[in-house]
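In this note's numbering, the protein residues as written are 446 to 684.
Idealized CB from N, CA, C, for every residue including glycine.
Keep in mind that this is a model prediction, so the values were computed, not measured.
Take a look at the structure below.
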């Protein structure tokens, strides 16, 4: 990676942070209320190093094996990086997530929750988890319905090695701001309802590069940004 690309990642991060601050101000929110998660899937360690140099410490990975390798590569970094698993999770990969990641955003089945709880090492803090909601009811997407959230939340809350922190959603692609906002507001309402039962609930993970303004306006506390930071992805390079 040449110096031009290096500086581009730092500049992109600065631009995204400024956008978050600007959008938050319009909504009478503070930038500190919105965590920026840098989605580093398919990107090399050198790109992550540049983001770290620019002050980014929280990273999201979609592919288990690739993510595990990156977690190991940066295991000794101080201050520690925070690794979020944000991709679909199959049963046969749950142990790797339980043993290596700090967060899992895509919990949508009791079976997976039970496996993560059993497989989380006792010497690590509980795995921070979010319930994934299929808010647009897309057959191709993971996640549960809003009506199913209370039951799964109650089951997760009883597991000692998991800590339920909130909800996550990936709405269907939509270019119209008002329609984006309407979907995100449904998520925000469900999030507030969940907070009434579980005081530790504090994370609403929604909003990506193309719909971040509507997500923040609706109340997102964590946006998952990849392309706007690292540029287009080369999926052929995926581990």
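Quiz item: When you compare only the Cα positions, how much space is there between residue 673 and residue 654?
Solution: When rounded, the distance between both Cα atoms is 6 Å.
Self-check item: Touching by the beta-carbon criterion (3+ pairs, under 8 Å), the region 590–603 and the region 531–545
Solution: Counting C-beta pairs with one atom in each stretch, the region 590–603 and the region 531–545 have fewer than three that are closer than 8 Å, which means they do not touch.
Exercise. Would you tell me roughly how many angstroms separate the C-alpha atoms of residue 526 and residue 504, rounded to the nearest one?
Key: About 8 Å.
Quiz item: Residue range of the alpha helix (DSSP H) that residue 514 falls in?
Solution: For residue 514, the enclosing alpha helix (DSSP H) begins and ends at 509–518.
Quiz prompt | Candidates 512, 471 and 659, of which the one nearest residue 488 by Cα | solution = Looking at the Cα atoms, 512 is the closest of the given residues.
Quiz prompt | residue 634 classed as buried or exposed, judged by whether at least 16 other C-beta atoms fall within 10 angstroms | solution = With fewer than 16 other Cβ atoms within 10 Å, it is exposed.
Quiz item: For the region 604–662, which segments carrying the beta strand (DSSP E) assignment without a break, of at least 3 residues, lie completely within its bounds, in sequence order?
Solution: Runs of the beta strand (DSSP E) inside the region 604–662: 607–614 and 648–650.
Quiz prompt | DSSP-derived helix/strand/coil call for residue 483 | solution = Three-state result, residue 483: strand.
Quiz item: Which of helix, strand or coil does DSSP assign to residue 526?
Solution: If DSSP states are grouped into helix, strand and coil, residue 526 belongs with coil.
Quiz item: What is the C-beta distance between residue 550 and residue 577, in whole angstroms, given that I count them as a contact (C-beta under 8 Å)?
Solution: About 7 Å; that satisfies the 8 Å criterion.
Exercise. Look up residue 546 in the DSSP assignment and say whether it is helix, strand or coil.
Key: Secondary structure at residue 546: coil, using DSSP grouped into helix, strand and coil.
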